[in-house]
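For the protein sequence lines, the chains are A and B, in the order given.
One point on numbering: in UniProt numbering, the residue at position 78 of the first sequence is 78, and numbering is uninterrupted.
One point on numbering: in UniProt numbering, the residue at position 108 of the second sequence is 108, and numbering is uninterrupted.
Backbone N, C-alpha and C fix where the C-beta goes; we use that ideal spot for every residue, glycine too.
Below: the structure, in structure tokens.
There are 2 protein chains.
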Amino acid sequence: MLRILGVIGDKWSILVVGTLRDRTLRFGELHRAVTGISQRMLTLTLRQLERDGLLTRTVHASVPPRVEYTLTELGSTLLTAATALGDWAAAHRNEIENNRRHYDEAHPPRARR
Amino acid sequence: MLRILGVIGDKWSILVVGTLRDRTLRFGELHRAVTGISQRMLTLTLRQLERDGLLTRTVHASVPPRVEYTLTELGSTLLTAATALGDWAAAHRNEIENNRRHYDEAHPPRARR
DNA sequence: CGGAATCCCGCTTGATACTG
DNA sequence: CAGTATCAAGCGGGATTCCG
């Protein structure tokens, strides 16, 4: 079970899958769309997702090379399930941030003695 | 958003929350219930969850000390959302493992040259 | 353009020992 | 029992370079 949920344990995976929600994208487009991801991590993430069958990788033999990534049916179903968590996060964002503030006020960092 | 989803990005968090689904547990009980977690990580995880308001920490002044952890209402709602993902993982577990096998067969590890 | 390979630093985590 | 403190190690991941 953990091996499966590892799919989403990696934060980049959900972001990449989410970015491909309703359109096929090239490597470079994904790189620009998913802000903050390095080329290395994008490559590794895409390999994982392809291996799991969540997306397909299509190479068009041309110059310059053109590689497109498209969400599979399976990938779409994951997105549906993950959306529940995304909605939860959005709905409780303020509440959680308030909780953190209160906690931090009540539990100040240990002072130097 | 990422700061919020970080709640579940840490694999121990979901396991701990899930373990507290329907019962209050003491530190030691959690330690035994969540197999593989170190004392250190359990402590850190519990602090995070408490800070976010997903569970409450109750100290009973007695000898020996007795500290109980209980899921909050907020924690329960997270569990509900997370369950959607858990169900997805369970439902597609075989499919994904098949995909991985096929991928690994088609993409053997690079041989030494 | 889309990667693969290498180097390497830092953060996370485990192991261990100590304490209220 | 339920932690905290400390240290060392492993590896995740960024930066860089090179290739088809």
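To the nearest angstrom, how far is the alpha carbon of B/A82 from that of A/R100? Mapped onto the second sequence, residue 82 of chain B falls at position 82. Mapped onto the first sequence, residue 100 of chain A falls at position 100. A/R100 has its alpha-carbon roughly 21 angstroms from the corresponding atom of B/A82.
Residues in the segment 89-113 of chain A having any Cβ partner in chain B nearer than 9 angstroms: Within the segment 89-113 of chain A, the residues whose Cβ lies closer than 9 angstroms to some Cβ of chain B are A89, A90, A91, H92, R93, E95, I96, E97, N98, N99, R100, H102, Y103, D104 and H107, listed in chain order.
Where A/V16 falls, given that 16 or more other Cβ within 10 Å makes a residue buried: Translated into positions along the first sequence, residue 16 of chain A becomes position 16. So A/V16 counts as buried.
Is the beta carbon of A/L20 sitting closer than 8 angstroms to the one on A/T70? Along the first sequence, one-based indexing puts residue 20 of chain A at 20. Along the first sequence, one-based indexing puts residue 70 of chain A at 70. Here A/L20 is near A/T70, since their CB atoms are less than 8 angstroms apart.
Determine, using beta carbons only, whether B/H102 and A/L74 come nearer to each other than 8 angstroms. Residue 102 of chain B sits at position 102 when you count from the first residue of the second sequence. Residue 74 of chain A sits at position 74 when you count from the first residue of the first sequence. Against a cut-off of 8 angstroms, the Cβ pair of A/L74 and B/H102 comes out as no contact.
By DSSP, does B/T35 sit in helix, in strand, or in coil? Indexing the second sequence from 1 puts residue 35 of chain B at position 35. B/T35 falls in the coil class under three-state DSSP.
C-alpha distance - B/D22 paired with B/T80, whole-angstrom precision: In the second sequence, the residue the question calls residue 22 of chain B occupies position 22. In the second sequence, the residue the question calls residue 80 of chain B occupies position 80. Here the alpha carbon of B/D22 sits roughly 12 angstroms from the alpha carbon of B/T80.
Output needed for B/T72: all residues of its chain with C-beta closer than 8 angstroms, excluding positions within five of it in sequence on either side, in chain order. To locate residue 72 of chain B, count along the second sequence from 1; it is residue 72. These residues qualify, in order along the chain: G53, L54, L55 and T56.
Counting only C-beta atoms, is residue 142 of chain B closer than 8 angstroms to chain A at any point? Since the displayed chain B opens at 1 and closes at 113, residue 142 of chain B lies outside it and no answer follows.
Assign A/R112 to one of two classes, buried (16 or more other C-beta atoms within 10 Å of its C-beta) or exposed (fewer than that). Along the first sequence, one-based indexing puts residue 112 of chain A at 112. With a pLDDT of only 44 at A/R112, under 50, the local geometry of the prediction cannot be trusted, and no value is derived from it.
Check the Cβ-Cβ distances between B/W12 and every residue of chain A, and say whether any is below 8 angstroms. Along the second sequence, read from residue 1 onward, the residue named residue 12 of chain B stands at position 12. Chain A, which has no Cβ nearer than 8 angstroms to the Cβ of B/W12, makes this no.
Among the residues of its own chain, which have a CB less than 6 angstroms from the CB of A/T58, if the five just before and after it don't count? Mapped onto the first sequence, residue 58 of chain A falls at position 58. Contacts found: E68.
Member of A/T35, A/L46, A/R26 and A/S38 whose CA lies at the smallest distance from the CA of A/H60: Within the first sequence, residue 60 of chain A is the residue found at index 60, counting from 1. Comparing Cα-Cα distances from A/H60 to each of A/T35, A/L46, A/R26 and A/S38, the minimum goes to A/R26.
Can you name the residues of chain A whose CB is closer than 9 angstroms to the CB of B/A8? For this step, residue 8 of chain B is matched to residue 8 along the second sequence. Reading off the sequence, residue 8 of chain B comes out as Ile, not Ala. Those are I8, G9, L85 and A89, listed as they occur along chain A.
Top-ranked residue by Cα proximity to A/G28, from A/W88, A/E50 and A/R66: The count along the first sequence starts at 1 and reaches residue 28 of chain A at position 28. For A/G28, the nearest C-alpha among the options comes from A/R66.
Cross-strand partners of B/R66 (DSSP beta bridge): Mapped onto the second sequence, residue 66 of chain B falls at position 66. According to DSSP, which records beta bridges pairwise, B/R66 is partnered with B/H60.
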